[in-house]
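Scroll down for the structure; my scribbles are underneath it.
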DNA sequence: TCAGATAGGTGACAAATGTAACTTGCCAGT
DNA sequence: ACTGGCAAGTTACATTTGTCACCTATCTGA
């Protein structure tokens, strides 16, 4: 039995969701809330497995709500239901860890399916919303022109150089990096010079941009 | 009639795709290719609407192929078919502008549906792959701790300040920014000082990181 | 064993960056 | 007409950053 909580401010929709999901095999609606604040209180009592949540709500909007829920109950899966593809919200909701993003026009069958997929650790995006996600990625591709690094060059970087790139990507000054690695500041500067020439960049700011864009900031350095 | 081209190195799969899609209403297979190079030649002759493409291929891999196709024929839609979720490829394919990313285990019905959606300007992600995309987004969220900006502060930024943040996020020096906006370099520096204190950051490197992480670099400044 | 590479370090310098205090010109509101 | 506020600019200064030439120790392969 998957325990489901519905969070939705419009009564009509809230009720119709309840009716739709009522006595579907494997699904049990354990409660409903009208806004974010109520939802959070309920969650603590009822501990649902999956939450269906509207994104536009009074009091506390869905995005904030997701953020809070995910902090305290990272295991609870959240499916965002939205009337129309609210540009603004999509990415923030995804960023905060929603597992699904669906339009309300979805069929009962699809919704049930979605709940099961999400419960099982999967994720879902509505085709209409997928378009936005895809656009986002191609924007990232365009962003490449901003800091352009010869692809082969990255292989030439030593372990220390990679670590320094990460630190720069976290916004550290030379002094701070000096403390992390146990080199002298002069050495750090020399390393940075070498990084700049290898990657054909001009200054630490460009290194930082490269680090963030390429995701280096978040990787472990093994080499 | 949607004109479809199949690009797939394994003969069995290539043929089975052909058979699957053979005489489906609204779909016409206009050709098949075994690798990227062949595909590009064919595209010029046949001008398909939608391409079904394997991502792992000899000679020229799918990612490169997508990049080239999208450069010269941006209107052609591409659906990537993959045997298994090849981590490496997913993001690069999306970045280069693929409109769909599906596992080969898909049913005929779903595939036909997918082709139509993509042809109509939509996009698709397989649930299994959606998981990766969602993970990617939550990674971005985790990255927030690196450069931590008071959320309220962002509202205080003026239009000029926002534009300067974008330029810094593209790795420009003060001189370069001076040329873009028509202010004196001193003024730019004053603006940056003001940005730093509003966002409570220390130097332009941190501004750049913030710009990239928050996606500001890619947005239009309207205000 | 000896030449050469490699990791780390120094010091001096030029350029870029950030800060602060002050000026100027303009506009809105009273 | 006066005043406060704001956008833009100027100047001077302290700090940080990047470059370069050169030093030292350690190790490695012929």
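Protein chains in written order, with my numbering: chain G, 703 to 925; chain E, 703 to 925.
Even for Gly, the Cβ is constructed at its ideal location relative to N, Cα and C.
Query                                                                                                                                                                                    : Result
For residue 907 of chain G, is the classification buried or exposed, using 16 other Cβ atoms within 10 angstroms of its Cβ as the cut-off for buried?                                    : buried
So which residues of chain G does residue 728 of chain E contact, with C-beta pairs closer than 7 angstroms?                                                                             : Under the 7 angstroms cutoff, chain G gives no residues; its nearest Cβ is about 18 angstroms from residue 728 of chain E.
Do you know offhand how far residue 805 of chain G's Cα is from residue 742 of chain G's?                                                                                                : 23 angstroms
Please state the DSSP three-state secondary structure of residue 784 of chain E.                                                                                                         : strand
With distance defined between alpha-carbon atoms, name the residue in G:709, G:863, G:861 nearest to residue 759 of chain G.                                                             : G:709
So with Cβ pairs under 8 angstroms, would you call residue 869 of chain G a contact of chain E?                                                                                          : no
Beta-carbon separation of residue 723 of chain E and residue 729 of chain E under 8 angstroms?                                                                                           : yes
Along chain E, in chain order, which residues have C-beta atoms closer than 7 angstroms to that of residue 807 of chain G?                                                               : Correct list: empty, because the minimum Cβ distance to chain E is about 14 angstroms.
DSSP three-state call for residue 751 of chain G: helix, strand or coil?                                                                                                                 : coil
In chain order, what residues of the segment 871-892 of chain E put their CB closer than 9 angstroms to some CB of chain G?                                                              : 871, 872, 873, 874, 875
Going by C-alpha to C-alpha distance, which of E:811, E:763, E:885, E:858 sits closest to residue 792 of chain E?                                                                        : E:763
Okay, do the segment 817-835 of chain G and the segment 872-879 of chain G touch, 3+ Cβ pairs below 8 angstroms being the bar?                                                           : no
I need the DSSP call for residue 873 of chain G, collapsed to helix, strand or coil.                                                                                                     : coil
Quick one, which residues of the segment 761-793 of chain E are near chain G if we go by CB-CB under 8 angstroms, in chain order?                                                        : 793
Cβ atoms of residue 748 of chain G and residue 732 of chain G: under 8 angstroms apart, would you say?                                                                                   : yes
Does any CB atom of chain E fall closer than 8 angstroms to the CB of residue 830 of chain G?                                                                                            : yes
Check whether the Cβ of residue 898 of chain G lies closer than 8 angstroms to any Cβ atom in chain E.                                                                                   : no
Return the residue from the list E:810, E:830, E:720 that minimises the CA-CA distance to residue 803 of chain E.                                                                        : E:830
Evaluate residue 784 of chain E with the Cβ neighbour count: other Cβ atoms within 10 Å of its Cβ, from every protein chain shown; 16 or more gives buried, anything less gives exposed. : buried
Would you call the CB atoms of residue 891 of chain E and residue 902 of chain E closer than 8 angstroms?                                                                                : no
Consult DSSP for residue 917 of chain E and reduce its assignment to one of helix, strand or coil.                                                                                       : coil
How many angstroms separate the CA atom of residue 800 of chain E from the CA atom of residue 753 of chain G?                                                                            : 31 angstroms
How should residue 779 of chain G be labelled, buried or exposed, when 16 other C-beta atoms within 10 angstroms of its C-beta is the threshold for buried?                              : buried
DSSP three-state label for residue 847 of chain G, please.                                                                                                                               : For residue 847 of chain G, the pLDDT reaches just 46, beneath the cut-off of 50, and the residue's location in the model is therefore unreliable, although a value from the coordinates is still provided. Residue 847 of chain G falls in the coil class under three-state DSSP.
Taking the beta carbon of residue 727 of chain G as the centre, do at least 16 other beta carbons fall within 10 Å, making it buried, or is it exposed?                                  : exposed
Span of the alpha helix (DSSP H) holding residue 820 of chain G?                                                                                                                         : 810-821
Going by beta carbon distance, what residues of the same chain come within less than 8 angstroms of residue 816 of chain G, once the five residues before and after it are set aside?    : 781, 802, 804, 808, 826
Alpha carbons only, please: which of E:919, E:720, E:887 is nearest the one belonging to residue 865 of chain E?                                                                         : E:919
Using only CA atoms, which one of G:824, G:797, G:812, G:765 lies nearest to residue 739 of chain G?                                                                                     : G:765
Please report the residue range of the beta strand (DSSP E) in which residue 802 of chain E lies.                                                                                        : 802-805
Sort E:916, E:794, E:718 by Cα distance to residue 856 of chain E and report the nearest one.                                                                                            : E:916
Compute the Euclidean distance between the alpha carbons of residue 846 of chain E and residue 776 of chain E, then round it to the nearest angstrom.                                    : Note that residue 846 of chain E scores 46 on pLDDT, short of 50, meaning its location in the model is unreliable; the coordinates nonetheless yield the value given after this. The straight-line gap from Cα to Cα measures roughly 34 angstroms.
So that I know if they touch, is there some Cβ in chain G lying closer than 8 angstroms to that of residue 738 of chain E?                                                               : no
Going along the chain, which residues of the segment 711-726 of chain E sit with their C-beta nearer than 9 angstroms to a C-beta in chain G?                                            : none
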